[in-house]
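> Okay, handing you the structure first.
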Amino acid sequence: MSGTDSEDVAQPTLISDSLLSWFPFGVVLFLLPTSIYLANQIDLDYATTVLIPFVALALLSLALIFLAYAARPSWRSLAIPLFLAGLFIYVSDVLAPIEWGIMEGSEEVKESWTSTALQIGLVAILFAVWRFVSAAIIRQVAIILVMVSVGWQTVAVTHALVMTPDAETSPGRVATAQGNRPNVYHLVLDGYSSPSFMGAAKQIDLLNQLNGFHFFPRNLSNYDVTDASVPSFMTGKLFSGGSFKEFQAAARTGGLRKTLQAAGYRISNYTPDQSRFWGFEGADYTYTSREAGNSPLIRLAQIVAVRAAPDILRREVFSISGKVLPIRNYKAYKALSVPLLRRFIEEEEARPAVNEYVYLHAIIPHTPFVWDGNCEEKSSDYAEQLVCATRLIKELVASLKRHGKYENSLIIVQSDHGYEGDSNAVNFRPGSDEAKAQILKHMSRISPESYFTRLNALLLVKPPAAPDAPMQVSESVSQLADVQATIVDLLKLPPEQTDGHSVFDTATLKGRAISVFCCVYQRNDKGRTVILGRNLYETDFAHLKYMPDGSWQVADEIRAKHEGW
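Going left to right, the sequence shown walks through residues 88 to 652 as this note's numbering numbers them.
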């Protein structure tokens, strides 16, 4: 019996028919945008205003449907089919989640035959419901579903609005400094391979500018990817098991910047965005390259459009939306790293000479390769872009000297990891056969040889009030987890319990083993890349130790869980 047969139809009202017919619009204009926002508040910089146009359109569409049905009662026969169309979009978002990721410098939407088959099955089920289930039953269930879903989401959004943090006061800001402490300039060049530093520095005549600096060519990154390395060196801690999400989040709310803030430092962040672990929720000033890229509203509109589309059309919707909407693609967004650092240089003149901590994270010389050796925007390669990154060090140093802040400041220049494509690093510190086998066991997305190459991370340190002497090259074996302790030590702040030590504490550094870990990013048994926290929620990390004699040892694996980003 058809659900449209008159004898089965309950007594519908104008309001109920309007709500049922509105459901597909409600899913696309309210339920999807708000759920995306709630899951990505940090990435959207807590900009709740991005929801206003969606909510306004949702309410407008409901009002127009109500008026249309009041004027043309015959149109109300569309109520149940429209509700089922909305239900298809709503359920599909759960049954066939979108595969959309940023991998190796490109943004990609994947389509899956499994997801398409699930959606075809869902269409068949909903069509059978429409044809063979009583319209009265459909209406009763539909009204409950619409009211509950919209009501629950409204409560969730309201709670998010109330709980949105205030970046000026959270965490607590110390109003006055405890004395005049030297400025700290902390520059991270993403993917800078340490074995290539000296060659690039000589090429642009940088070395004679680095008076007072110490270079640590034997420095290691404890992790091979940014998402693990940044939380580690910003807190001075190595992950020891449990929730990796909590380990990552600690850098955003605590760690080095929290310590310096408590000592009276004003915290400034120049980063690609606020969404990842280079961000700090208590920053006094933040400038991101995202501000020159896509607006959160435009980006959210694209995500909604792609998620609402059937899986078989998502790639096409992604492509069309990129052309219709004024969207800067991922490559262009990363290309803003050089202007980001130059923005810092422009603003440096107005910055006080004491009690300032400035964190800069530039996605360079990391892919995409869009800067040549003169930092002009054009297609290039890793070697060219590394020279550009080195040139940015020179520009930063020149700016601090020009404004009279170089001598008394603490300056850290580092990377978060090295780069597998650096020819100078291939045989710099290769892993043993046993260590390589351990990396293979954990299905790393890159080869073992590439993994060990990525551990060669840049580290340069200029203490405050350092002697005006040529740059010194240290033979100490250091690690990025030492950065936090080094800054605390050089500022003469109370020491904290961390896994790192000051790189100037040579007695402690001598004879210690350095722990390194893999793999936050993996390839599964089907060859597909999976990321802890995105599409992988529990795994074992490989744990290796670099020994004082230059050998490698395999240590116990570390169990990691992640509740999702």
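We put the CB at the ideal spot given by N, CA and C, even for glycine. These numbers come from a predicted model, not from an experiment.
Measure the C-alpha to C-alpha separation of residue 149 and residue 112 and round it to an integer number of angstroms.
About 8 Å.
> Residues bridged to residue 272 by DSSP?
Answer is 445 and 498.
> Just curious, the beta strand (DSSP E) that residue 605 is in, first and last residue?
601-605
> Does the distance from the C-beta atom of residue 314 to that of residue 450 stay below 8 Å?
no
> Please report the Cβ distance between residue 287 and residue 477, rounded to the nearest whole angstrom; I am assuming they are in contact, meaning their Cβ atoms lie under 8 Å.
Contact flag correct, Cβ pair sits at about 4 Å.
> Which residue marks the beginning of the alpha helix (DSSP H) containing residue 628, and which one marks its end?
The continuous stretches of alpha helix (DSSP H) do not include residue 628, which lies in the beta strand (DSSP E) extending over residues 625-633.
> Could you tell me the distance, in whole angstroms, from the CA atom of residue 272 to the CA atom of residue 497?
6 Å
> Who are residue 354's beta bridge partners in DSSP?
444
> Skipping 5 residues on each side, what residues in its chain have a beta carbon closer than 8 Å to that of residue 237?
113, 117 and 118
> Taking its Cβ as the centre, do 16 or more other Cβ atoms sit within 10 Å of residue 33, making it buried, or is it exposed?
With the chain running from 88 to 652 in the structure shown, residue 33 is simply not present.
> By a C-beta neighbour count over all protein chains shown, 10 Å radius and 16 as the cutoff for buried, is residue 164 buried or exposed?
exposed
> Along the chain, where does the beta strand (DSSP E) containing residue 566 start, and where does it finish?
Here residue 566 belongs to no beta strand (DSSP E), and DSSP marks it neither H nor E.
> To the nearest angstrom, report how far apart residue 634 and residue 603 are at their CA atoms.
11 Å
> CA-CA distance, residue 569 and residue 138?
In a straight line, the C-alpha of residue 569 is about 42 Å away from that of residue 138.
> Whole angstroms is fine: what's the gap from residue 297's alpha carbon to residue 573's?
19 Å
> Starting from the Cα of residue 384, find the closest Cα among 123, 557 and 99 and give me that residue.
Out of 123, 557 and 99, 123 has the C-alpha closest to the C-alpha of residue 384.
> Are the stretch 516-529 and the stretch 628-646 touching by the rule of at least three beta carbon pairs closer than 8 Å?
In short, these stretches touch, since the Cβ pair count reaches three.
> For the 8 Å Cβ check, are there 3 or more pairs between the stretch 499-506 and the stretch 530-544?
Touching, per the Cβ criterion.
> Can you find a C-beta in chain C that's less than 8 Å from the C-beta of residue 546?
Protein chains in the displayed structure number just one, and chain C is not present.
> Among the residues of its own chain, which have a CB less than 6 Å from the CB of residue 448, if the five just before and after it don't count?
275, 358 and 365
> How many whole angstroms separate the CB atoms of residue 608 and residue 312, which I take to be in contact at a CB cut-off of 8 Å?
Going by Cβ atoms, the distance from residue 608 to residue 312 rounds to 6 Å, so yes, they are a contact pair.
> State the start and end residues of the unbroken beta strand (DSSP E) segment that holds residue 335.
Careful: residue 335 lies outside any beta strand (DSSP E), inside the alpha helix (DSSP H) at 331-340.
> Within a Cβ cutoff of 6 Å, which residues of the same chain sit near residue 185, ignoring the five residues on either side of it in sequence?
394
> Just to confirm the assignment, what range does the alpha helix (DSSP H) spanning residue 158 have?
138-158
> Which word fits residue 514, buried or exposed, when buried means at least 16 other C-beta atoms lie within 10 angstroms of its C-beta?
In the assembly as shown, residue 514 is an exposed residue. Its beta-carbon has fewer than 16 other beta-carbons within 10 Å.
> Quick check: residue 167 and residue 217, are their CB atoms within less than 8 Å of each other?
yes
> Per DSSP, which residues does residue 284 bridge with? Please list them.
BP columns for residue 284 are empty, so no partner.
> Output the distance between the C-alpha atoms of residue 213 and residue 463, rounded to the nearest integer angstrom.
56 Å
> Where does residue 575 land, buried or exposed, given buried means 16+ other C-beta within 10 angstroms?
buried
> Tell me whether residue 197 is buried or exposed, calling it buried when 16 or more other Cβ atoms sit within 10 Å of its Cβ.
exposed
> Could you give the distance in angstroms between the alpha-carbon of residue 567 and the alpha-carbon of residue 397?
45 Å
> Straight-line CA distance for residue 646 to residue 106?
Take the alpha-carbon of residue 646 and the one of residue 106: they are about 48 Å apart.
> How far does the alpha helix (DSSP H) with residue 528 in it reach, from first residue to last?
520-528
> Roughly how many angstroms lie between the CA atoms of residue 472 and residue 458, to the nearest whole one?
If you take the alpha carbons of residue 472 and residue 458, they lie about 6 Å apart.
> Can you tell which of 590, 292, 528 and 211 has the C-alpha that lies nearest to the C-alpha of residue 629?
528
> Taking the beta carbon of residue 594 as the centre, do at least 16 other beta carbons fall within 10 Å, making it buried, or is it exposed?
exposed
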